[in-house]
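Right, one structure below, let's go through it.
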Amino acid sequence: MNNVLAIARKELRSYFASPIAYIVIGLFAVIFGIFFGVILLNFNQMSQQGGGQAVNVNEQLIRPVFLNSIVVFLFMLPIVTMRSYAEEKRLGTIELLLTAPLTDLQIILGKFTGAMGLYAAMLAITLLSMAALFVFGSPEVKPLLTTYLGLLLMGGCFVSVGLLISSFTSNQIVAGAVTFGVFLILWVINWPAPFAPWPWLQTFLNYASIVDHFDDFSRGVLDTKHVVYYISFIAVGLFLTARSVDTERWRG
Amino acid sequence: MIEVQHLTKRYGPFTAVNDISFTVERGEILGFLGPNGAGKTTTMRVLTGYMPPSEGTAVVAGYNLAEKPIEAKRRTGYLPETPPLYTDMGVREYLDFCARIKGVPRRERKARVAAVMERTRVADMAERLCGKLSKGYRQRVGLAQALLHNPEVLILDEPTAGLDPKQINETRQLIKDLAGDHTVVLSTHILPEVSQTCTRVVIINKGKVVAVDTPDNLTSRLRGSETMYVQLDAMGADAAGALAALPGVTRVSPSSAARGEGLGLEVESDAGRDIRRELAASIVNRGWGLLELRPMRMSLEDVFLKLTTQENDAPPDAAPDGGDSPAAAEPAASEPEAAHE
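Residue numbers (our numbering), protein chains in the order written: chain A, 8 to 259; chain B, 10 to 350.
This is the structure in C-alpha cells:
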C-alpha cells in the first residue's frame, strides 16, 4: 500500500511540476464554465416561460452539463495518461521501478491512482458550479452523488485504457494519439447499433459503449449492472497493462 | 552471494548471453569485462530482476530470482547503464522517492538520503533538477540511488562512464570502500579500471565467458613466455644476433616501443626463467652501453584482446569494440569508446 501511494504521489507530483496538470485543469474549467453558463441561461429561459412542463434542475441543467463534459474528458485524459509508461521507458526510469522491490501490480495501481487523482482534481472544479446551484436553488443531492460516482468510474475506464496504450510505446505522442482514437471509438461504438443486422450485435455494441453506461448514473439511478461493468472494465484494463509490462521484460 | 548457473538470454533469434555460469563471494568486487555487445548489460539486467533469463537460474543474496524476486531486489542496488533519473525532480526529492519505493523506513529516510548524497558527493546539487545535471553528477546520483537502502549486493553497469579523471578515481575509491560489507559486480570496457578495482574478472565475449580469474593471474597465465625490453647502444654491432645466441633466449625482435637513442629490442625467453643477469652481463662484457633493461608484462589489455579475438576471424582493428557483433544486447551503448582511457 505504501508503495502504491509512493508511486501515486510521484505521478501526481510530476503532473503538477510540469504544465500538464495546469493546462488540463485550466482548459477543462474554461470549457466546463462555457457549458454550464450556456445551459444555465437556457434553463433560466425555459423556467421563465414555464410552458406547463415542470422544470427540474437535475434533469435539465446538471445532467446535460455533465453529458457534454464527457467529450472534454475524451480529449483531456489521453494527455494525462500518455506519459505514464512511455516517459518511464524513454528516460530509462522503468529500470528503476522494475528493479525496485515493487510488484508490477503496485506500480500499475500507483500510476492509476496518480492519474485518477488528477482527474478527480478536474471533477473538483465542477463542485464550485454545483455549490452555486445549491446557493440559488435546491437540486436533489442523490442524483448528483451518483453522477459523480459514475464520472469517477467512467474516468477510471478511460485511464485504464490510457495506461495500457502508454505501456506499448516509448513515444508519448504515439501513446496520446492512439489513446484519443480509441476513446473516440469507445464513445461512438454504439452509434451503428440501431442498424445492426443481428440483435446480438446490437446488444453487444450498446453494451460496449463506456459512455452509454453513464446514462443511468446521470439520472440518479445506481444500477449494479453498470457498476460491475465499469469495475470489470478497469480491472481488465489494468490486468492487460500488467501483461504488457511483463511481456516487455521478456522481450527486453 | 551471487550464483549464476547456465544463464542464457535470447532476444528472438539473437542470443545475447549463452550459457554462462559464475559465482561471486561476499565482499568481492567482480569486474565484468567485454566488448560492447558482449552481453554485460543483459547479464546485469537478469541479475537485478529487470528481465527473466530464457534459461538457467540466478540466485542473488540467497534468493532465487525466479521464486523470490522481491526479496532479492530488496537486497540489490542497481545502477543501470543510463542513470534512471526523473528529469523534472530535484536530486533530494528524487532520492527521497527512491528511498520510499526501496522500503527505507520513514524515520531513517531523511538521514539515509543525506548520507548517500554525502558519500557520492552530490550534496552540493541537492536542490538542482536532475535534468539539469552534468553527466558526471547524473552518474553519481544514479550511484547514490543504488546505495540508498544499503543493499548487500551492488550491480553497477559502467559506473565510471562519463566521469572526469578525478571523479573516476573518487568513484573507484568509493567502490573499493563499499566492498567488504557489500558485494559488487561492475561492468566496464575500461581495462585499467578492472586491474585497479576488481578482485576478480569475468571476461565475456559474444555472450560467452572466456575467462574468470584475478587480474594478476589472468595476465601471467596468458603470458606463455617472459619478455624483456632492452635498450642498448651496440655501436653498429649485430646486437640482436648476439643476444639470440644466449642460453634461454627464444626470440629477439626490434621493439615497436623503442624511443630515444640506441637500439630497442624485445628479448623473449622461456617462461619462468629469469635471464636479466645473463643479459646484462653479456651486453656489458661486449663493451656496449646498456641504457635500459626492464621486464615487459602482458597488460590486461593484451589479455583482453587475445581472449576476445581468438575464436573469430574479425580483423584485429575491429576487435576492441567488437565492431561486428550485433549491438542489440546493449542498445544504449552510445558513448564514445574509451577502451584505452
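For each residue, glycine too, the CB sits at the ideal point set by N, CA and C.
Please name the residues in the stretch 104 to 126 of chain B whose beta-carbon is closer than 8 Å to at least one beta-carbon of chain A, in chain order. F106, C107, R109, I110, K111 and G112
Shortest alpha-carbon distance to L16 (chain B) belongs to which of B:K217, B:A253 and B:E76? B:K217
Within the same chain, show all residues whose beta-carbon is closer than 8 Å to that of N213 (chain A), passing over the 5 residues directly before and after it, in chain order. N197, A200 and D219
Beta-carbon of L130 (chain A) versus every beta-carbon of chain B: anything under 9 Å? no
On the DSSP bridge assignment, give the partners of S262 (chain B) in chain order. B:E275
Determine the direct distance from the alpha carbon of V100 (chain B) to that of Q148 (chain B), and round the result to whole angstroms. 12 Å
Can you find the residues in the same chain that come closer than 6 Å, C-beta to C-beta, to G189 (chain B), ignoring five residues on each side of it along the sequence? G36
Report the neighbours of N10 (chain A) on chain B: residues whose CB is nearer than 7 Å to its CB, in chain order. I110
Can you grab the Cα-Cα spacing for the pair R115 (chain B) / Y126 (chain A), in whole Å? 29 Å
Quick one: grab the DSSP three-state call for K118 (chain A). helix
Using a C-beta cutoff of 9 Å, does D222 (chain B) count as contacting chain A? no
Who are the neighbours of I79 (chain B) on chain A, taking C-beta pairs under 9 Å? P108, L109 and T110
Contact between the stretch 93 to 110 of chain B and the stretch 134 to 145 of chain B is defined here as three or more beta-carbon pairs at a separation below 8 Å; is this criterion met? yes
Counting only Cβ-Cβ distances shorter than 7 Å, please list the residues of the stretch 136 to 148 of chain B near chain A, keeping chain order. none
Hey, how far is the Cα of A70 (chain B) from the Cα of L94 (chain B)? 26 Å
Would you mind telling me which residues of chain A sit closer than 8 Å to Y95 (chain B), beta carbon to beta carbon, in chain order? K17, S21, L98 and T100
Reduced DSSP category for A13 (chain A) - H, G, I as helix; E, B as strand; rest coil: helix
Cβ-based burial, Q240 (chain B) [other Cβ within 10 Å; buried from 16]: buried
Would L156 (chain B) pass as a contact of P168 (chain B) if the rule is Cβ separation under 9 Å? no
With a CB to CB cut of under 7 Å and the five nearest residues on each side skipped, what residues in its chain are close to D326 (chain B)? Unreliable placement is indicated for D326 (chain B), whose pLDDT of 42 sits below 50; the coordinate value is still reported in the next sentence. Answer for D326 (chain B): no residue qualifies.
State the start and end residues of the unbroken beta strand (DSSP E) segment that holds E12 (chain B). I11 to Y20
Say whether chain A places a C-beta atom closer than 9 Å to the C-beta of Q176 (chain B). no
Consult DSSP for H191 (chain B) and reduce its assignment to one of helix, strand or coil. strand
Please specify which runs of the beta strand (DSSP E), each continuous and at least 3 residues long, are wholly inside the stretch 42 to 125 of chain B, giving them in chain order. 64 to 69 and 85 to 88
In chain order, what residues of the same chain have a beta carbon less than 8 Å from the beta carbon of R128 (chain B), not counting five sequence neighbours either side? A153, L156 and L183
Below 8 Å, can you find three or more Cβ-Cβ pairs linking the stretch 150 to 162 of chain A to the stretch 220 to 227 of chain A? yes
Does the beta-carbon of D105 (chain B) have 16 or more other beta-carbons within 10 angstroms, so that it is buried, or is it exposed? buried
Tell me, which residues are paired with M305 (chain B) by DSSP? B:T236
Check whether chain B comes within 9 Å of L105 (chain A), counting only Cβ atoms and requiring the distance to be less than that. yes
Report the rounded CA-to-CA distance for L227 (chain B) versus L314 (chain B), giving the unit in angstroms. 12 Å
Against chain B: residues of the stretch 238 to 250 of chain A by CB proximity under 7 Å: none
Run the CB neighbour count on I41 (chain A), radius 10 Å, all protein chains shown included, and call it buried at 16 or more, exposed below. exposed
Give the C-beta separation of L302 (chain B) and L288 (chain B) to the nearest angstrom, bearing in mind that I take them to be a contact with Cβ-Cβ under 8 Å. 7 Å
Between the Cα of Y87 (chain B) and the Cα atoms of B:A251, B:P62, B:V194 and B:D173, which residue gives the shortest distance? B:V194
Just tell me which of A:P71, A:Y29 and A:I30 has its CA closest to the CA of N49 (chain A). A:P71
At least one CB of chain B closer than 9 Å to the CB of A13 (chain A): is that the case? yes
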